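The opening position of the sequence shown corresponds to residue 5 in my numbering, with each subsequent residue numbered one higher. Here's the structure we're looking at; comments come further down.
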Amino acid sequence: MTWKRAVASGSASESLKRRFHILLDSEYDTYTGEGDFPYRLRQMVRYAAGKGIGIDWPLLLKHVKQWNSREKWVQKKWAGSYFSTDSTSDTPKIQEEKD
């Protein structure tokens, strides 16, 4: 699943774009689970499910575990997926990222 496909299927409202930005900026403590990231992610997953878009759960788990990486590669990847204008970005891609 790409975020662009999930949230932009149909009309991507301004409020949805704002929610996506908030998700990318959300905080998460991987040890305690505290922060607004779980809530924000749940919102987006429910939205995608409502649109009939499947989730690559193993990849999502990997991304959640790496949410606080110094390089912020997960947030960059999600932002690139969402804001890309390339039509091929709608195709889910799994590529290895550094752990």
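Glycine is no exception: its CB is placed at the ideal position from the N, C-alpha and C atoms. Here the structure is a predicted model, which is why all the values come from computation and not from measurement.
Within 9 Å, strictly: CB atoms of residue i and residue j
i: L20; j: F41; result: no
i: V78; j: L45; result: no
i: G37; j: E31; result: no
i: R22; j: M48; result: no
Limits of the unbroken alpha helix (DSSP H) element including residue i
i: I26; result: E18 to D29
i: W61; result: W61 to K69
i: S85; result: W77 to F87
i: Y43; result: F41 to G54
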